[in-house]
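Read in my numbering, the sequence shown has 337 at position 249, and its numbers run on one by one without any break.
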Amino acid sequence: MEPYGADDEESAAVLRTVGRVIKTCRERKGLRQAELGTAIGYSEEQVSSVERGRRAPSPTFLEAADRALDAGGLLAGLRKDVEQARYPKKVRDLAKLEAEAVEICAYDNSVVNGLLQTEEYLRAVFGSRRPAFSEEQVERLVAARLARQSVIAGKQMIPSFSFVHDEATLRRRVGGRMVLRRQLERLLEVGQMRNVEIQVLPMDREDNAGLGGPFHLLRLNEGTTVGHNEVQRTSRLISEPKEIQILELRYGVLRAQALPPQESLAFVEKVLGET
89 MEPYGADDEE SAAVLRTVGR VIKTCRERKG LRQAELGTAI GYSEEQVSSV ERGRRAPSPT
149 FLEAADRALD AGGLLAGLRK DVEQARYPKK VRDLAKLEAE AVEICAYDNS VVNGLLQTEE
209 YLRAVFGSRR PAFSEEQVER LVAARLARQS VIAGKQMIPS FSFVHDEATL RRRVGGRMVL
269 RRQLERLLEV GQMRNVEIQV LPMDREDNAG LGGPFHLLRL NEGTTVGHNE VQRTSRLISE
329 PKEIQILELR YGVLRAQALP PQESLAFVEK VLGET
């Protein structure tokens with residue numbers, strides 16, 4: 089997903105507005121960017137990036153700046169607006185659906201599913217993108233994906249999860265050997281959760297119903313099902329009943345073709361031992 093695509097200009101505009109408000113409060117206080125940075129524990133470059141709308145300020149930044157600039161809660165009160173704007177719109181839309189789902193199913197054949205990725209693994213995924221993301225873009229995407237992962241162990245209604253991974257996702261050394269090892273350990277950890285089932289589709293299987301690419305199915309609380317797939321620069325939500333029917337059929341076949349959950353975890357452990 090692109091951090092600042094055409095459909096995300098609204099978010100960029102919010103961050104620019106927040107930056108201008110912070111700059112106005114700073115100048116009214118008679119402080120330079122470096123002085124504000126020293127007062128709140130951030131670098132001059134970080135303050136500059138926030139004021140220009142290039143970086144989303146963290147809640148800690150806003151609260152510290154509010155105190156340092158005697159803003160009377162004005163800056164701290166921008167926290168909710170920033171939280172909504174700091175993530176790409178496509179990520180926000182997907183995260184909202186995931187929060188409303190009673191069951192989330194996913195097939196992946198290239199990298200480990202985003203909801204299961206460790207931070208260093210997902211940084212390596214974003215770092216491999218060409219043309220390369222800027223540091224600000226990487227930080228924004230990393231924060232967005234980590235925020236989405238809270239759905240697995242959230243305090244609200246916890247949905248059921250079913251993940252089918254092609255064996256290739258377990259062997260591709262994204263980020264290097266140690267990053268992959270820690271990612272495999274994470275799969276073994278999450279695979280023990282009662283609401284999560286992880287299955288592996290070995291590469292020696294003659295049939296694979298997922299050769300068309302990765303996809304998600306989200307079964308929502310009101311009874312409807314929504315699909316999602318992301319290929320290259322395209323992220324698409326699917327609601328057409330006929331398309332959903334095809335994806336549900338395909339996912340059912342994939343689960344049948346894959347190893348059962350317990351055998352799959354044993355398979356992950358075997359790959360870990362070989363890595």
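The beta-carbon is built from N, C-alpha and C at its ideal position, and this holds for glycine as well.
On a predicted model such as this, the values are computed, not experimentally measured, just so you know.
Check, Outcome
"Proximity to Phe249 [Cα-Cα], best of Gln280, Arg270, Gly264, Ile110", "Gln280"
"Three-way DSSP call (helix, strand, coil) for Ile246 in this model", "coil"
"Beta-carbon contacts of Arg167 that lie in its chain and below 6 angstroms, excluding the five residues immediately before and after", "Pro147, Leu150"
"Coil, strand or helix - Ile240 by DSSP", "coil"
"Distance CB(Glu277)-CB(Val239) smaller than 7 angstroms", "no"
"Status (buried if at least 16 other CB within 10 Å, exposed otherwise) for Asp254", "buried"
"C-alpha gap between Leu103 and Cys113, whole angstroms", "15 angstroms"
"Closest Cα partner of Leu182 within the set Arg293, Leu258, Ala235, Val341", "Ala235"
"Glu188 beta carbon less than 7 angstroms from that of Asn317", "no"
"Contact check, Gly440 vs Leu342, beta carbons under 7 angstroms", "Residue 440 lies beyond the range of the chain shown here (89 to 363); nothing can be said about it."
"Alpha helix (DSSP H) runs wholly inside the stretch 91-152, at least 4 long, in chain order", "97-117, 121-128, 132-139"
"Inter-stretch contact at 8 angstroms, needing at least 3 Cβ pairs: the stretch 205-217 / the stretch 260-275", "yes"
"Val200 versus Thr257 - alpha carbon distance", "6 angstroms"
"Best match in Ala122, Gly141, Arg260 for proximity to Glu132 [C-alpha to C-alpha]", "Ala122"
"Top-ranked residue by Cα proximity to Glu98, from Gln172, Ala127, Ser137", "Gln172"
"Option nearest Arg143 by Cα separation, candidates Arg218, Ala159, Leu229", "Leu229"
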